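**Q** Dropping a structure here in structure tokens format, bear with me for questions.
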């Protein structure tokens, strides 16, 4: 079984059990495999689908990871403006995740 088959199976299972995090991760991974294979259109389609689902469910970790992967894709396309925007989004989500983690830790200390 190659990686594309594996991630497609992962996508099928995650849809079947309605596990959104795994669905997003599978879509993202399929997009990354297509990127590595040079199929930019397919990569963009899967990464956009993953990003839209992460945005719809407001899953910050997935938004962060999708932003990073989309930045890499735009670099390959030589669309450096879009790559930079996605790296900024990646950084924004990473900081937001860290701030929320710190706030939870601080709340735990104050209790």
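Numbering (this note's numbering), first residue to last: 90 to 200. Heads up, the beta-carbon is just placed ideally off N, CA and C, and yes, glycines get one too. Since we're looking at a predicted model, the values are computed, not measured.
1. From what residue to what residue does the alpha helix (DSSP H) around residue 147 run?
2. Quick one, are the C-beta atoms of residue 113 and residue 97 less than 8 Å apart?
3. Mind checking which residues open and close the alpha helix (DSSP H) that includes residue 117?
4. Which stretch, first to last residue, makes up the alpha helix (DSSP H) that contains residue 97?
5. Under the rule that 16 or more other beta-carbon atoms within 10 Å means buried, what is residue 196, buried or exposed?
6. Applying the criterion that 16 or more other CB atoms from any shown protein chain within 10 Å of the CB defines a buried residue, is residue 121 buried or exposed?
7. Can you tell me whether DSSP reads residue 130 as helix, strand or coil?
8. Using beta-carbon positions only, say whether residue 144 and residue 152 come within less than 8 Å of one another.
9. Say whether the stretch 123-133 touches the stretch 101-108, bearing in mind that this needs 3 or more beta-carbon pairs closer than 8 Å, one atom from each stretch.
10. Roughly how many whole angstroms lie between the Cα atoms of residue 181 and residue 115?
11. For residue 132 and residue 100, which I take to be in contact (beta-carbon distance under 8 Å), what is that distance rounded to the nearest angstrom?
**A** Looking at the coordinates:
1. Taken as a continuous stretch (DSSP letters only), residue 147 belongs to no alpha helix (DSSP H), as it is neither H nor E.
2. no
3. 109-126
4. 92-106
5. exposed
6. buried
7. helix
8. yes
9. With a cut-off of 8 Å on Cβ pairs, the stretch 123-133 is not in contact with the stretch 101-108, counting fewer than three such pairs.
10. 23 Å
11. Wrong, their Cβ atoms sit about 15 Å apart, outside the cutoff.
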